[in-house]
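First comes the structure, then the notes that go with it.
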Amino acid sequence: MAFDPFWYILLYLFPQYSSTLTILQYIFQQQGNVLMDLFKIIVFPGILFVSFLSLFAEWYDRKIYARLQNRVGPFHTGYHGILQPLADIIKLLAKEDVVQSGAEARSLAAAPIFAMTLSLVMLMFIPVYRSAGIISFEGDLIVVLFLSTLFALTVILTGWFSTNRFGEVGTARAGMQLIAYEIPLVLSALTPAIIVAYYYSVPVQVNNYLLTVYGTLPLTAIPTTLSSILTIANITQTQATIGIPFILVAPISFGVFIIALMAEIEKVPFDVPEAHTEIVAGWQTEISGKKLALYRLSSDLEYLWGAGLATALFLGGPWGPGWDIGLSTLDRLMGAFPWGYVFGTIWFLVKVFAVIFIIANLRTLFARFRIDQVVQGAWKYLIPLAFLNILILQTVFYFDLFGWQSTYYALLWIAYMI
Amino acid sequence: MSTVKIPIGPQHPALKEPINVTIEVEGEQVVDGKVRIGYNHRGIEKACELRTYVRDIYLLERVCGICSHSHTTTFTQGVEELLDEDVPRRGLYIRTIVCELERLHSHMLWFGVAGHEIGFDTLLHYSWRDRELILDLLEMISGNRVNYAMNTIGGVRRDISKDMIPTLKKGMDTFRERCEYYLKLCSEEPTVLERTQGVGVLPTHMARKLGAVGPTVRASGVDMDCRKDDPCAAYDEVPFEVCTWDSCDVFARVAVRILEMIQSCNMIQWMLDHLPKDEIRLKLKRRVPEGEVLSRYEAPRGELIHYIKSNGTDTPERVKVRTPTLANWPSVEYMLKGCYIADVPIIVASIDPCISCTDRITFVDVEKEKTWMWDSNQLRRYGIEFYKKKRW
Amino acid sequence: MPRPAAMEPELLRNFPRKPFTVFYPFERLPPAEGLRGRQKLYLKRCVGCGTCAKDCPSGAIEMIDWPDEFPQELKNKAGKVPKVDLGKCLFCEQCVESCPRDALEMTQEYELATFDRKAMEWIVDMETE
């Protein structure tokens, strides 16, 4: 029997079809689980799940934004307006697509598709139901951050291809902002990796089996190489193992990450590339209809990606009480239902929505910065802060301040006992 | 580097009314800015000559939606001066109370719009929520939320009854608290300070030279207020202070307007306490004797001037309206030099442009040294040819 | 003195409160007492002098012959009643002021939008008082 959880879910839900399902599973096993992977990519937690979750996250964000301003927000579409983002996308898909005569029509049409693809691929790295995403390999943290830089490139190209004065101004601003804020984003995303590196390089024998009892990820050796430290799966798993989410260890980095994230996804106070009172819509001025629908969706997906990455790196992803029920080797042999995945998803969602609440709150709180103030903010304040946190951590680790060793000895012992 | 001309054109999300501000931009810095007005011209001055004085009140009220009461106040003051009659004190007090309420609602509207221009939508929603309080009070007094039609030649048309007074006073207390909160907020919130301090600087000598009026010039430290310099209605009895600020930038204009709002709250409460028990209007004759009068009043945006020439019948011969926004446009052109693109909307908004008030045009050809007027068909043809040649 | 997140206490205070929005078509705020809505004509008092039509700033009032639907016993000497074109009416109350017999009055009806232009030309609401 394959240790694949979805068969267990299906078998639990439809016990009357158990014979058919067993046969199907055998067939799929011969295929090497390709169809199961396809299911994971398309339905859960792949394209469909993530798209609807991002639309729900947009509704949630708009409701929080409105309630903080003593207004109602979306209300009439669906129950309390929950279908409003979907209605927006559908309406945009139905509108006419107007292209200027001087613009490059084909490149302009290719850019939103590129952006959509990037967002969806970026989201496949985020751990939703277990500590590894659908795609997980060593060193994937750097790949994910690189993909977000490519997204910035898409933004720049769109404004450039539409030969509109407002588009050019918006592109120039977007380029400056997105490139400037890549650095604090990467630096603050690397801080959890440094913590993981320290954890595994301590000269004490860490009991291997503590890690593989919750056999959810391909962790077979103590991660000591650089690429295995820069893996989202390892970072998430380590937080679960230590029992401390990294936000408590590196709070400054969390702050820097959230601010740099807001600059990458162009939310107020950093929405200067699409400042609609100044340059109409910046790089989005000339796109309309289906292209705009795809852009809105990919921007929502990027929002979800940012929040998901923040929870995976700093809050521990799907880690929470009950995330490992029914997942140990013994339970799988006995064919128990993997409740751990369900609890893992629930914890992930709770944490993602907490992060989105913080970002929506910050969105309400500030006015828009000017582009020179934005760039100044990045170089003068954020990058030094990110470096500061790394310095603090390195100092603590090197000199073993605060008895870091004894703290986690104690935790290990407690975990062992339990 | 070559410059690019960007039209913050007749249609733009930053503008509530059509006007064209063409900025020449090098990268992100604005090198020069030119303002073209005239998109909102409606021929109101000519229409005034065809109607009687009483109907003109309602026409002039609709020059602008926000400063409507100012226009009627100035006009009726002028006509009462021509008729050489004294309006009863209670009428003047009620007229002044509605004037100050209008100042409150106009400044609060501006505050929200300024917040929106710098991207601070939260401020927009909160300040407009507080403005609803003033609009409800105005509806209670006059029967409508905008265009209140309170003034008539000889006084006001509706009275403030005894049971309205406690509601008004309570409203003023609440509103004053909110204004003080906004003043504190604007001096503390770092993003607002970043966007408004040092932006759109209009030094004092340039303000005087370019003829700026209203809060724009008071924010440059000049003590110029029609209510003190040339008091009309009940302003010679009501105690208040002229608010100025010294830093000459957009933040100064925000601060001046909020301080004026607090002053207005105090004034209204004083006037409600001291309302004389009198008539509210005089029945005046319809035919106005010959003469000409220049009547001034401090509208929320600055000094508003009406020039009325009468010829003994019941229709005026000429009505000329000089609105404060028209006087402030040269200052905008001066302030646009050297700022960033991102500052353009807030600079244009900081003079509180009421573009509907602005447009009275006459053609002046400097080379040939003659002036002439066009009717609407000629104007339309000129506009079509202009845009065909794309002469920005 | 710049204090970051200066608006945060205000935001958090407003978060649990009921929103300020009024869901207009489903719930309405009560209008103020003196709200200037549609006009109402007291037929017994109207003498058909036409002062309201002369004084109306926008020319919205027209004097028409006594229509057949109105009770014929109340017909005045001049045989005319005012008809208000609500599309042109400014709701300024000048007609109420000018009437020498106080036959016109403004009600509080403000929901007067229609899809039909002809429906805008209403004979003023009559009251046999």
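Those protein sequence lines, which keep their order, are chains A, B and C. Sequential numbering from 12 applies to the first sequence in our numbering. Sequential numbering from 8 applies to the second sequence in our numbering. Sequential numbering from 37 applies to the third sequence in our numbering. Note that the Cβ used here is the ideal one computed from N, Cα and C, for glycine as well. Every value quoted in this text rests on a predicted model; they were computed, and no experiment measured them.
Using a Cβ cut-off of 9 Å, pull out every chain A residue sitting near residue i, in sequence order please.
{"i": "Pro29/C", "result": "Outside the displayed range of chain C (37 to 165) lies residue 29/C, so it cannot be described from this structure."}
{"i": "Thr29/B", "result": "Neighbours of Thr29/B on chain A: none; closest Cβ ~11 Å, over 9 Å."}
Is there a Cβ from chain B that is less than 7 Å from the Cβ of residue i?
{"i": "Gln295/A", "result": "no"}
{"i": "Leu148/C", "result": "no"}
{"i": "Glu447/A", "result": "The displayed coordinates of chain A run from 12 to 429. Any statement about residue 447/A would go beyond what the structure contains."}
{"i": "Pro103/C", "result": "no"}
{"i": "Pro93/C", "result": "yes"}
From the beta carbon of residue i, is the nearest beta carbon of chain C less than 7 Å away?
{"i": "Gly205/B", "result": "no"}
{"i": "Val267/A", "result": "no"}
{"i": "Val385/A", "result": "no"}
{"i": "Tyr65/B", "result": "yes"}
{"i": "Val83/A", "result": "yes"}
{"i": "Ile369/A", "result": "no"}
{"i": "Asn47/B", "result": "no"}
{"i": "Arg62/B", "result": "yes"}
{"i": "Asn384/B", "result": "no"}
Determine whether the Cβ of residue i lies closer than 7 Å to any Cβ atom of chain A.
{"i": "Met142/C", "result": "no"}
{"i": "Pro360/B", "result": "no"}
{"i": "Val120/B", "result": "no"}
{"i": "Pro55/C", "result": "yes"}
{"i": "Ile104/B", "result": "no"}
{"i": "Ile26/B", "result": "no"}
Between which residues of its own chain and residue i is the CB-CB distance below 6 Å, once the five residues before and five after are set aside?
{"i": "Leu301/B", "result": "Tyr314"}
For a contact meaning CB atoms closer than 7 Å, what does residue i contact in chain A?
{"i": "Ala54/B", "result": "What Ala54/B touches in chain A: nothing, since even the nearest Cβ is about 34 Å away."}
{"i": "Glu201/B", "result": "Phe380, Gln384"}
Please list, in chain order, the chain C residues whose beta carbon lies closer than 8 Å to that of residue i.
{"i": "Arg165/B", "result": "Gly70"}
{"i": "Thr129/B", "result": "Met43, Leu47"}
Taking C-beta pairs closer than 8 Å, name the residues in chain B that residue i reaches, listed in chain order.
{"i": "Arg39/C", "result": "Glu195, Glu196, Pro197"}
{"i": "Val291/A", "result": "His19, Pro20"}
Along chain C, which residues have their Cβ under 7 Å away from the Cβ of residue i?
{"i": "Glu146/B", "result": "Ala68, Leu71"}
{"i": "Leu79/A", "result": "Leu47, Asn50, Phe51"}
{"i": "Ala156/B", "result": "Cys128, Glu129"}
{"i": "Thr375/A", "result": "Leu47"}
By Cβ distance, which residues of its chain are closer than 7 Å to residue i, with the 5 residues on each side in sequence left out?
{"i": "Glu313/A", "result": "Ser130, Phe162, Ile276"}
{"i": "Met133/A", "result": "Val155, Leu158, Ser159, Trp316"}
{"i": "Leu59/A", "result": "Ile53"}
{"i": "Pro93/C", "result": "Leu126, Cys128, Gln130"}
{"i": "Leu393/A", "result": "Pro195, Val267, Ile270, Ala271"}
{"i": "Pro138/A", "result": "Gly144, Ile243, Ala244, Thr247, Ala323, Gly328, Pro329"}
{"i": "Pro67/C", "result": "Gln144, Tyr146"}
In its own chain, which residues sit with a C-beta less than 8 Å from the C-beta of residue i, not counting the 5 before and 5 after it?
{"i": "Phe86/A", "result": "Gly92"}
{"i": "Lys284/B", "result": "Arg97"}
{"i": "Gln216/A", "result": "A caution first: Gln216/A carries a pLDDT of 33, below 50, which makes its placement in the model unreliable, though a value can still be read off. So the list is empty, once near-sequence residues are dropped."}
Using a Cβ cut-off of 7 Å, pull out every chain B residue sitting near residue i, in sequence order please.
{"i": "Val279/A", "result": "Gly126"}
{"i": "Ala42/C", "result": "Leu192, Glu195, Glu196"}
Name, please, each residue of chain A whose Cβ falls closer than 8 Å to the Cβ of residue i.
{"i": "Gly306/B", "result": "Note that residue 306/B is Ala in the sequence shown, not Gly. The contacting residues do not exist; Ala306/B stays about 25 Å from chain A at best."}
{"i": "His132/B", "result": "Gln80, Asn81, Arg82"}
{"i": "Glu35/B", "result": "Val180, Ala183, Arg184, Ile382, Asp383"}
Kindly list, in the order they appear in chain C, the residues whose Cβ is closer than 9 Å to that of residue i.
{"i": "Leu295/B", "result": "Per the sequence shown, the amino acid found at residue 295/B is Val instead of Leu. Result: empty, since nearest Cβ-Cβ is about 16 Å, beyond 9 Å."}
{"i": "Arg97/B", "result": "Those within 9 Å of Arg97/B in chain C number zero; the least Cβ separation is about 18 Å."}
- prompt: Should the stretch 225-241 of chain B be regarded as contacting the stretch 70-82 of chain C, the criterion being three or more beta carbon pairs within less than 8 Å?
  reply: With the cut-off at 8 Å, the stretch 225-241 of chain B and the stretch 70-82 of chain C do not touch.
message: For the structure I just gave you, are there three or more beta carbon pairs, one from the stretch 197-210 of chain B and one from the stretch 52-65 of chain C, closer than 8 Å?
response: They do not touch, by the three-pair rule.
field: Interfacial residues, the stretch 259-280 of chain B to chain C, with Cβ spacing under 7 Å
entry: For the stretch 259-280 of chain B, the set of residues with a beta-carbon nearer than 7 Å to any beta-carbon of chain C is empty.
- request: Check distances from the C-beta atoms of the stretch 173-201 of chain A to those of chain B and list, in chain order, the residues that come in under 8 Å.
  value: The residues in question are Arg176, Phe177, Glu179, Val180, Ala183, Arg184.
field: Meets three-Cβ-pair contact criterion under 8 Å: the stretch 95-112 of chain C and the stretch 181-191 of chain B
entry: Contact fails: fewer than three Cβ-Cβ distances are below 8 Å.
Selection of the stretch 377-401 of chain A by Cβ proximity to chain B, strictly under 9 Å: The stretch 377-401 of chain A vs chain B, Cβ under 9 Å: Phe377, Ala378, Arg379, Phe380, Arg381, Ile382, Asp383, Gln384.
- request: For the stretch 346-357 of chain B, enumerate the residues whose C-beta is nearer than 8 Å to any C-beta of chain A, in chain order.
  value: Contact residues of the stretch 346-357 of chain B toward chain A are Tyr347, Ile348, Ala349, Asp350, Val351, Pro352 (C-beta to C-beta distance below 8 Å).
- request: Determine, using beta-carbon pairs with one atom in the stretch 55-65 of chain B and one in the stretch 292-300 of chain B, whether at least three such pairs fall under 8 Å.
  value: Under the Cβ criterion (8 Å, minimum of three pairs), the stretch 55-65 of chain B counts as touching the stretch 292-300 of chain B.
query: Are the stretch 391-404 of chain A and the stretch 264-281 of chain A touching by the rule of at least three beta carbon pairs closer than 8 Å?
result: The stretch 391-404 of chain A, when compared against the stretch 264-281 of chain A, does touch it at the 8 Å Cβ threshold.
- request: Below 7 Å between beta carbons is the criterion; list the residues of the stretch 316-342 of chain B that meet it against any residue of chain C, in chain order.
  value: Answer in chain order: no residues at all.
- prompt: How do the stretch 114-126 of chain B and the stretch 147-156 of chain B stand: do at least 3 beta-carbon pairs fall below 8 Å, yes or no?
  reply: In short, these stretches do not touch, since the Cβ pair count stays below three.
query: Does the stretch 38-54 of chain B come within contact of the stretch 131-139 of chain B, defined as at least 3 CB pairs closer than 8 Å?
result: For the pair of segments examined, the stretch 38-54 of chain B was found not to touch the stretch 131-139 of chain B: the number of CB pairs separated by less than 8 Å stays below three.
- prompt: Between the stretch 217-225 of chain B and the stretch 327-344 of chain B, are three or more C-beta pairs nearer than 8 Å?
  reply: Taking 8 Å as the limit for Cβ pairs, the verdict is that the stretch 327-344 of chain B does touch the stretch 217-225 of chain B.
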